[in-house]
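A.B. asks: Here's a structure for you.
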Amino acid sequence: MAAEILSLLNPWWEGEESPVIKEWKEKEVRWRPSWLDEISLEPFSLNILTGPRLVGKTTGLHLLIEDLLERVRPEAVLYLNLDLAPDSGSLRAMLEAYDSFRKSSGVKTSYIFLDEVTSLKDWWKVVKGYVDAGFFSKDVLVLTGSSSLRLRGEAELFPGRMGRGREVVAWPLSFREFLRAKGVKVKVTGDMERDLSRLLPKSREIRELFNEYLKVGGFPLSVNEDPRAVEYSIRSLEGELLRAGRDPQLARGIISSILSKAPSPVSYATIGSDLLISHRTVREYVRVLRGLMVLGSAMLKRGDKVFWRKERKFFFLDPFTARSLSIWTLTNFLNGALYEWVVQAHLLRRFGEVFYYRNSHEVDVLAGELRVEVKLGKPHRRYPRGVKVLDEENIHLFLAVV
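According to the working numbering, the sequence shown is numbered sequentially starting from 6.
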């Protein structure tokens, strides 16, 4: 059985093309994910790749395998989807079968891809045991899982065992990456004002694509306008919540409350009062939704002080995710909130954390040295010096270079 699964999942051993690559080539809009370049291919490496479901991790792996096959022997590349491994014993059997195969083929260094590890209970015990035994000492490993891998703490179970490997996050397309996938290349020098000025001749085209991005976001299915995209997005979230031991219907209520109040800051207690649940329950569900890369949050910050107990701004990490959740919860949101979410999500990716400011005036987003106000849908007023004001005329250009 192990040999049959290995043969099925590794068609390049017989000189055939991966069916995943064949399907990718048929897509109208396709791209090579930028996060592939973060994966270390120098032995010994143990890379851990996480990201939301449907973001294209499996396709990305097969694109990386396609690149590898141009410079290494086919027998040196092993791909396993652990959805097909019913238990840890099956995983061991497949690894042992491959070890015999590669030795008989004279392979010294292997590139081993273990996909969807979160689908197999105690997968980490098998991998950790083999790493400690030196089984992979000359190899490169890439382990992938949904965002729940980090939520369950399994990504932190390999201290000192990753060699030259890295922890890599697979994000949905940013707006600049979306532009590139659509054939519009944006050169960024690091001088924001200069970069913005250079884009003025393309402003109309970029604006049209920005309006499209607000609808389809950065997931492969939605970018290609697959009619199943919303259904799959909702189903995958429900599945992740169940695997995390959480009630999807309670999560639905919490998300609905957040959508209806955005972009205003809100407390856990306020959300809890909407649903007649405790603020602790809300906080736990928000933690899970953040771990699943659905939701982000921004705390109030004044100067160097962060007010951890004050109301926070919640934002969704992808516009298509926000629209799907709006359909799921039957809850509308303000267009101004969507624009603010996109800015917050992009700056979170760049700076690692975002905040907001409120005192005598409010600034929507603080990130690094940037202070950004998203003015769409708000009355015109004067803003303090140093605040970057985004409106209909420049938000698309800002997101193209940030």
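From the three backbone atoms N, C-alpha and C, an ideal C-beta is built for every residue, glycine too.
As the structure is a computational prediction, the values presented were derived from the model and not from experiment.
1. Based on Cα-Cα distance, which residue from Gly-195, Glu-9, Phe-224, Leu-381 lies nearest to Lys-62?
2. Would you report the Cα separation of Val-392 and Leu-204, rounded to the nearest angstrom?
3. Distance, Cα to Cα, Ile-263 vs Ser-269?
4. Quick check on Glu-378: buried or exposed, where buried means 16 or more other Cβ atoms within 10 Å of its Cβ?
5. Cα separation between Lys-310 and Phe-319?
6. In terms of residue numbering, what span does the beta strand (DSSP E) encompassing Asp-120 cover?
7. Distance check for Leu-305 and Ile-70, CA to CA, integer angstroms please.
8. Just how far apart, CA to CA, sit Asp-120 and Ala-102?
9. Heavy atom of the ligand FAD less than 8 Å from the Cβ of Tyr-116, yes or no?
10. Would you call the stretch 68-86 and the stretch 194-211 in contact, with 3 or more CB pairs under 8 Å?
11. Note down, in chain order, each residue of its chain lying with its Cβ closer than 6 Å to the Cβ of Tyr-218, except the 5 sequence neighbours on either side.
12. List the endpoints of the continuous beta strand (DSSP E) containing Gly-56.
13. For Glu-345, is the classification buried or exposed, using 16 other Cβ atoms within 10 angstroms of its Cβ as the cut-off for buried?
14. Would Asp-137 pass as a contact of Ile-117 if the rule is Cβ separation under 9 Å?
15. When we look at the beta-carbon of Gly-111 and count the other beta-carbons within 10 Å, is it buried (16 or more) or exposed?
16. Looking at the structure shown, is Tyr-218 part of a helix, part of a strand, or coil, going by DSSP?
17. Just to confirm, is the Cβ distance from Leu-297 to Ala-327 under 9 Å?
18. If you follow the alpha helix (DSSP H) that Met-298 is part of, which residue opens it and which one closes it?
19. Would you grab the beta carbon distance between Ala-175 and Leu-54 for me? Rounded to a whole angstrom, and I think it's under 8 Å.
20. Taking one C-beta from the stretch 367-376 and one from the stretch 386-405 each time, how about it: are there three or more such pairs within less than 8 Å?
21. Residues bridged to Asn-86 by DSSP?
22. Report the rounded CA-to-CA distance for Leu-294 versus Phe-360, giving the unit in angstroms.
23. For the pair the stretch 160-173 and the stretch 13-21, tell me if three or more CB-CB distances fall below 8 Å.
24. Going by DSSP in three states, Gly-277 sits in which element: helix, strand or coil?
25. Once DSSP output is grouped into helix, strand and coil, what is the label at Ser-179?
26. Of the residues Arg-251, Phe-325, Asn-229, which one's Cα is nearest the Cα of Glu-28?
27. Starting from the C-beta of Leu-68, find all residues in its chain whose C-beta is less than 6 Å away, skip the five residues before and the five after it, and write them out in chain order.
28. Does the beta-carbon distance from Leu-226 to Leu-59 come in below 9 Å?
29. Quick one, which of Phe-325, Thr-336, Gly-150, Phe-312 has its alpha-carbon nearest Glu-245's?
30. Identify the continuous alpha helix (DSSP H) that holds Ser-262 and give its terminal residues.
31. Is DSSP giving Asp-231 helix, strand or coil here?
C.D. replies: Walking through what the data contain:
1. Phe-224
2. 21 Å
3. Separation of Ile-263 and Ser-269 (C-alpha to C-alpha, rounded to the nearest whole angstrom) is 9 Å.
4. It is buried - the Cβ of Glu-378 has at least 16 other Cβ atoms within 10 Å.
5. Answer to the nearest angstrom: the Cα atoms are 19 Å apart.
6. 116-120
7. 44 Å
8. 18 Å
9. Summarising the ligand content, the structure contains no ligands, and the ligand FAD is consequently not present.
10. no
11. Phe-180, Phe-183
12. 50-56
13. buried
14. no
15. exposed
16. In the three-state reduction of the DSSP assignment, Tyr-218 falls in the helix class.
17. Annotated as distal: Leu-297 and Ala-327, with beta-carbon spacing of 9 Å or more.
18. Run containing Met-298: none; DSSP gives neither H nor E here.
19. 6 Å
20. yes
21. Asp-120
22. 18 Å
23. no
24. helix
25. coil
26. Asn-229
27. Arg-37
28. Against a cut-off of 9 Å, the Cβ pair of Leu-59 and Leu-226 comes out as a contact.
29. Gly-150
30. 253-266 is the span of the alpha helix (DSSP H), which, as asked, contains Ser-262.
31. coil
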